[in-house]
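Using numbering that gives the first Met the number 0, the first residue of the sequence shown is number 0, and each one after it goes up by one.
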Amino acid sequence: MIGILRDLGATLIKMFAADLWLTLVAIVSVTLCAVALRSGLIGPGALPFVLAGGILAALVAGVAHGARR
C-alpha cells in the first residue's frame, strides 16, 4: 500500500513539473485578477471575463511552450 501511495505521489510531482509553466501562468493570472479587483481596477461584473481571458492566455502560453519542445 505504501509503495502505491509513493508511486502516486511521484506521478503527481512529475505532472506538476511537466506543466509547471502552465501552472505558474494560471496562478499569476488569478493573482493579478485578485489584485485588480481589490484595488478597484476592475469591477466584480468584469472579473469573470478578465479571469477567463487570463486562463485562456495561460492555455495558449502552455501550448506555445509545449510546441517548442
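Backbone N, C-alpha and C fix where the C-beta goes; we use that ideal spot for every residue, glycine too. Since the structure is predicted, the reported quantities are computational estimates derived from the model, not experimental observations.
Discussion item. Report the CB separation of LEU21 from GLY61 in whole angstroms; it is logged as a contact under 8 Å.
Written reply: 4 Å
Fill in: Contacts around PRO47, its chain only, beta-carbon distance under 7 Å, and the 5 residues preceding and following it disregarded
none
Worksheet item: Expressed to the nearest angstrom, what Euclidean distance is found between the alpha-carbon atoms of LEU4 and ILE41?
Response: 43 Å
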